[in-house]
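Q: Residue numbers (our numbering), protein chains in the order written: chain C, 1 to 212; chain Z, 213 to 406; chain A, 407 to 634.
C-beta: ideal position from N, C-alpha, C; glycine also.
Pasting a structure here, questions to come.
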Amino acid sequence: MTYLTDVAALTRKDLRVELRARDTLPAMLLFVLSTLVVFHFALPEGTGDNAAYGLLWVAIVFTALLGLARAWVPEQEHGVLDGLVLAPSDRSAIWLGKTLATLAFLVAAQVVALPAFVVFFAPLDLTALAGVLLADIGICAVGSLMAAMAAASRSREVLLPLLVLPLAIPLIVGGVGAAISPEGERYLLLLALYDGVFAVLSWASFEYVVTE
Amino acid sequence: MIRARGLEKRYGRRRVLVGVDIALPASGFALVIGANGSGKTTLLRVLAGLAAPTRGVLEVNADRAQLGYLAHEPLVYRELTALENLELFGVLYRVSERRERIGMLLERFGLWDARNERVSTYSRGMTQRLALCRTLLHEPALILLDEPYSALDEEGVELLDRELEALAGSRTLVVATHDPQRLARLATTRIALA
Amino acid sequence: MSTSSIRTLPGLAALAAGLMGFALFLAFFVAPEAAIEGVRQRIFYIHVPIALTAYFCFGLGAWKALLLLWRGDERYDLESYVAIHQGTIFGALTLITGSIWARTSWGVWWAWDEDQLVLFLVLFLFYCAYFMLRFSLEEGPRRARSSAVYGLFGVVLIPVSFLAVRLAENLIHPTVFTRDGPQMTGVMFATFCIAWAALTLLAYVLYRVELAGKRIDANLRELREVLG
Chain C
1 MTYLTDVAAL
11 TRKDLRVELR
21 ARDTLPAMLL
31 FVLSTLVVFH
41 FALPEGTGDN
51 AAYGLLWVAI
61 VFTALLGLAR
71 AWVPEQEHGV
81 LDGLVLAPSD
91 RSAIWLGKTL
101 ATLAFLVAAQ
111 VVALPAFVVF
121 FAPLDLTALA
131 GVLLADIGIC
141 AVGSLMAAMA
151 AASRSREVLL
161 PLLVLPLAIP
171 LIVGGVGAAI
181 SPEGERYLLL
191 LALYDGVFAV
201 LSWASFEYVV
211 TE
Chain Z
213 MIRARGLEKR
223 YGRRRVLVGV
233 DIALPASGFA
243 LVIGANGSGK
253 TTLLRVLAGL
263 AAPTRGVLEV
273 NADRAQLGYL
283 AHEPLVYREL
293 TALENLELFG
303 VLYRVSERRE
313 RIGMLLERFG
323 LWDARNERVS
333 TYSRGMTQRL
343 ALCRTLLHEP
353 ALILLDEPYS
363 ALDEEGVELL
373 DRELEALAGS
383 RTLVVATHDP
393 QRLARLATTR
403 IALA
Chain A
407 MSTSSIRTLP
417 GLAALAAGLM
427 GFALFLAFFV
437 APEAAIEGVR
447 QRIFYIHVPI
457 ALTAYFCFGL
467 GAWKALLLLW
477 RGDERYDLES
487 YVAIHQGTIF
497 GALTLITGSI
507 WARTSWGVWW
517 AWDEDQLVLF
527 LVLFLFYCAY
537 FMLRFSLEEG
547 PRRARSSAVY
557 GLFGVVLIPV
567 SFLAVRLAEN
577 LIHPTVFTRD
587 GPQMTGVMFA
597 TFCIAWAALT
607 LLAYVLYRVE
617 LAGKRIDANL
627 RELREVLG
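Given below as structure tokens:
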């Protein structure tokens, strides 16, 4: 019970910080919209919808990376992460709080981006949307952990995409498949499997990444 | 409370702590002295559990709930108010009667009027005072302070003096400082780092 | 690192070299050509065992990583790193031999519908990032633990990626082991197994050699420091 209280307090803190600093969410929103417009010009005349779906997923992944790159910044100012790690609460709660908050930002950005995509490019059915949500969970779960690992390094801006992109490949396969394949459910299953496995793994390993 | 023998801490090739021995009983007051760069901060981090010693034996008879650590950095969120910061840490540290305790601490350290202002608007002295509140919020049995006077303003210095006076004897304290004269009176042990 | 473990190394190395030679001889001169693929199939005796060996190395690396996190003994960090290093080398070889095979079989240097190859490409990228992670963190428990966690993610990625690649592409990679058993004659199967054993042994020897070398390096460094 206290675990959930901790997570709630931490998530609330992240949402509050973002609401006041207002640097991550607007950037993500602008980035995803600009990317979609760029894609319009990047896609030659006559390419089918499938290419558009593929590019949507590229946009989502890179928008997520943008959000993740800034995810741990509040904890690095004034060294707050040490303060959180020292508390008697479970360290994995820190990861969960951060993941939920990042997920909230990503979904918020998509609430604007997905309708824009539908208007600019192609329709999205329920399976496609479910795919987006499931992939969001996956990328935030894994990404929060990787971002924490990268935060300690000298070259964190470069390192984060390198760590996340190979791990994001199954998510892209799942997402695009859910959008274009007639057997979309299979791809949703893949995404659910990914989420289940990697979320648990990230949740369990966070402790080891932030302590010595 | 704390027992250490032959503590060593290396960061890659750099050896920051070498052969440190500590024997601090409960309610003792230890002063860690040494020049800048002698490893005072590293020693406190090791005692707090934030860094693992590369060699040596360390026993600290306080778990995370009983430990209060004032670091070089304030360890508070810039975009949150004093109240929100302490609320968060109050939840994480399972502080009973949170509201009252937070209110009392803010008042004691002269931050009550600024409690709803964001930390980013604070002066350095105020931020350090908030950091002290955070450190003492859960009434820790073992308190580690890393150069607590360094960022304080005059008012803060007086408050801290008073606070340390009150705590010495009832809690175990380890204070790193490059001005040992100030606390010489209260100290029961000295740990000198080369 | 005992002296006895070093003593066995030359013997093991000789055995590995001998076995490799024997396997290559079998693969290129003795094993009968399969009706369909001809001489190009020879690469197959090398390519698939190399892939399997790479998996073995990654698995070994992940196991050592788990031991590091579980037991907290820093010794496992180096062992995990060296295993993953070997795995990455063998992974690169898998991609190269696979590419040669694709070239000689279908005339293209790369085929996106080759599940195994694509899977290896993803893994190769993943493990290259492992080295980037390691090189950008300072030596110490942080680096050891982060590397270990990442190494564990790697092996979990293998089956998940496999499923993903499978779903994404058609399957035309010739299945070696069908449900009824290997589609190879006795001699072919024997050649395959010997090649597999040889490569695994070679990987193990390389692992031990690199590990010993790195340990000696570390000891030398410590000695140098102590002596000032």
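When you check each C-beta in the region 542-561 of chain A against every C-beta of chain Z, which residues fall closer than 9 Å?
A: Taking 9 Å as the Cβ-Cβ cut-off against chain Z, the residues of the region 542-561 of chain A that qualify are E544, E545, G546 and P547.
Q: Would you kindly report the start and end of the unbroken alpha helix (DSSP H) that includes R481(A)?
A: Here the question's residue 481(A) lines up with position 75 in the third sequence. R481(A) -> alpha helix (DSSP H) spans R481 to W512.
Q: By a C-beta neighbour count over all protein chains shown, 10 Å radius and 16 as the cutoff for buried, is P170(C) buried or exposed?
A: Stepping through the first sequence from its first residue, residue 170(C) is reached at position 170. Label assigned to P170(C): buried.
Q: Against A264(Z), what residues of chain A qualify as contacts under a CB-to-CB distance less than 7 Å, listed in chain order?
A: In the second sequence, the residue the question calls residue 264(Z) occupies position 52. What A264(Z) touches in chain A: P547.
Q: With burial defined as no fewer than 16 other Cβ atoms inside 10 Å of the residue's Cβ, what is the status of I502(A): buried or exposed?
A: Locating residue 502(A) in the third sequence gives position 96, counting from the first residue. Its Cβ having fewer than 16 others within 10 Å, I502(A) is exposed.
Q: Does R585(A) pass the burial test, meaning 16 or more other C-beta atoms within 10 Å, or should it be called exposed?
A: In the third sequence, counting from the first residue as 1, residue 585(A) sits at position 179. Confidence at R585(A) is low in this model, with a pLDDT of 38, below 50, so its placement is unreliable and the value that follows should be read with caution. Under this definition R585(A) is an exposed residue.
Q: To the nearest angstrom, report how far apart Y556(A) and K620(A) are at their CA atoms.
A: Translated into the one-based positions of the third sequence, residue 556(A) becomes position 150. Translated into the one-based positions of the third sequence, residue 620(A) becomes position 214. Looking at the two C-alpha atoms, the distance is approximately 21 Å.
Q: According to the Cβ coordinates, are C463(A) and I490(A) closer than 8 Å?
A: Looking up residue 463(A) in the third sequence gives position 57. Looking up residue 490(A) in the third sequence gives position 84. Yes, the pair counts as a contact, with Cβ atoms nearer than the cut-off.
Q: Please go through the same chain and pick out, in chain order, the residues whose beta-carbon is closer than 7 Å to the beta-carbon of E254(C), but skip the five residues on each side of it.
A: Summary: the structure shown does not reach residue 254(C), with chain C confined to residues 1 through 212, and so no result is reported for it.
Q: For S486(A), does the count of other Cβ atoms within 10 angstroms reach 16, so buried, or fall short, so exposed?
A: Translated into positions along the third sequence, residue 486(A) becomes position 80. So S486(A) ends up on the buried side.
Q: Could you tell me if E75(C) is buried or exposed, where buried requires 16 or more neighbouring beta carbons within 10 angstroms of its beta carbon?
A: Residue numbering aside, residue 75(C) sits at position 75 when the first sequence is read from its first letter. Answer is buried; the Cβ neighbour count reaches 16.
Q: How about Y223(Z): is its C-beta nearer than 8 Å to some C-beta of chain A?
A: On the second sequence, residue 223(Z) is found 11 positions in, with the first residue counted as 1. Closer than 8 Å: yes.
Q: Excluding sequence positions up to five away, which residues of its chain have a Cβ less than 7 Å from the Cβ of A280(C)?
A: This structure cannot settle anything about residue 280(C), because the visible part of chain C is limited to 1 through 212.
Q: Taking 8 Å as the threshold (beta carbon to beta carbon), is A423(A) in contact with chain C?
A: Here residue 423(A) is taken as the residue at index 17 of the third sequence, counted from 1. By this cut-off, A423(A) is not an interface position.
Q: How about L219(Z): is its C-beta nearer than 8 Å to some C-beta of chain A?
A: Here the question's residue 219(Z) lines up with position 7 in the second sequence. By this cut-off, L219(Z) is not an interface position.
Q: Which one or two residues does DSSP pair with R267(Z) in a beta bridge?
A: The residue given as residue 267(Z) occupies position 55 in the second sequence. Paired residue(s): E220(Z).
Q: For H40(C), which residues in chain Z fall below 9 Å Cβ to Cβ?
A: What you label residue 40(C) is simply residue 40 of the first sequence in a count that begins at 1. Residues of chain Z passing the Cβ test: none, with the nearest at roughly 36 Å.
Q: Here's a check: name, in chain order, each residue in its chain whose Cβ is nearer than 7 Å to the Cβ of V230(Z), leaving out the five neighbours to either side.
A: As a position in the second sequence, residue 230(Z) is number 18, starting the count at 1. Correct list, in chain order: E220.
Q: Kindly identify the DSSP beta-bridge partner or partners of D358(Z).
A: Here residue 358(Z) corresponds to residue number 146 of the second sequence, with the count starting at 1. Answer is A388(Z), bridged to D358(Z).
Q: Name the DSSP beta bridge partners of A235(Z), please?
A: Reading the second sequence from its first residue, position 23 is the one you call residue 235(Z). Paired residues: R215(Z).
Q: Using beta carbons (cut-off 8 Å, strictly below), is A9(C) in contact with chain E?
A: The structure shown contains no chain E; its protein chains are C, Z and A.
Q: Buried or exposed, going by whether 16 or more other CB atoms sit within 10 Å of the CB of H453(A)?
A: If you number the third sequence from 1, residue 453(A) lands on position 47. Result: buried.
Q: Exposed or buried, which one is R413(A) when buried takes at least 16 other CB atoms within 10 Å?
A: Working through the third sequence from its first residue, we reach residue 413(A) at position 7. Its Cβ having fewer than 16 others within 10 Å, R413(A) is exposed.
Q: Taking the Cβ atom as the reference point for each residue, do F198(C) and V524(A) lie within a distance shorter than 8 Å?
A: Position 198 of the first sequence, counting from 1, holds the residue named residue 198(C). Position 118 of the third sequence, counting from 1, holds the residue named residue 524(A). It is not a contact, given that the beta carbons lie outside the stated cut-off.
Q: When you compare the CB of G67(C) with every CB in chain Z, is at least one pair closer than 8 Å?
A: Reading the first sequence from its first residue, position 67 is the one you call residue 67(C). No, no contact with chain Z.
Q: Can you name the residues of chain Z whose CB is closer than 8 Å to the CB of V17(C)?
A: Position 17 of the first sequence, counted from the first residue, corresponds to residue 17(C). Result: Y289, E291 and L292.
Q: Pull up the distance between the alpha-carbon of L239(Z) and that of G546(A), whole angstroms please.
A: For this step, residue 239(Z) is matched to residue 27 along the second sequence. For this step, residue 546(A) is matched to residue 140 along the third sequence. Inspection of the sequence shows that residue 239(Z) is occupied by Ser rather than by Leu. Their Cα atoms are separated by approximately 33 Å.
Q: Roughly how many angstroms separate the alpha carbons of A179(C) and F595(A), rounded to a whole number?
A: Residue 179(C) sits at position 179 when you count from the first residue of the first sequence. Residue 595(A) sits at position 189 when you count from the first residue of the third sequence. The alpha-carbon atoms of A179(C) and F595(A) are separated by roughly 43 Å.
Q: Could you tell me which of V632(A), L633(A) and A604(A) sits nearest to A433(A), measuring between CA atoms?
A: Taking the first residue of the third sequence as 1, we reach residue 433(A) at position 27. That would be A604(A), whose Cα lies nearest to the Cα of A433(A).
Q: List the residues of chain C whose Cβ lies closer than 8 Å to the Cβ of F301(Z), in chain order.
A: As a first step, residue 301(Z) is located in the second sequence; it is residue number 89 there, counting from the start. Per Cβ cutoff of 8 Å: G83 and A87.
Q: On the three-pair Cβ rule with 8 Å, is the region 317-331 of chain Z touching the region 383-401 of chain Z?
A: Flag = no, the region 317-331 of chain Z and the region 383-401 of chain Z do not touch.
Q: Suppose you measure from the CA of I622(A) to the CA of R222(Z); what does that come to, to the nearest Å?
A: The count along the third sequence starts at 1 and reaches residue 622(A) at position 216. The count along the second sequence starts at 1 and reaches residue 222(Z) at position 10. Distance between the alpha carbons of I622(A) and R222(Z): 19 Å.
Q: Helix, strand or coil: which one does DSSP assign to V197(C)?
A: If you number the first sequence from 1, residue 197(C) lands on position 197. DSSP places V197(C) in helix when its eight states are reduced to three.
Q: Here's the rule: buried if 16 or more other CB atoms are within 10 angstroms of the residue's CB, otherwise exposed. What is L126(C)?
A: Taking the first residue of the first sequence as position 1, residue 126(C) is located at position 126. L126(C) should be labelled exposed.
Q: Do the region 136-154 of chain C and the region 99-113 of chain C meet, that is, are 3 or more Cβ pairs less than 8 Å apart?
A: Verdict: yes, contact present.
Q: At what residue ranges does the region 250-321 of chain Z contain a whole run of the alpha helix (DSSP H), taking only runs of 4 or more?
A: The region 250-321 of chain Z contains these whole alpha helix (DSSP H) runs: 252-260, 294-304 and 310-320.
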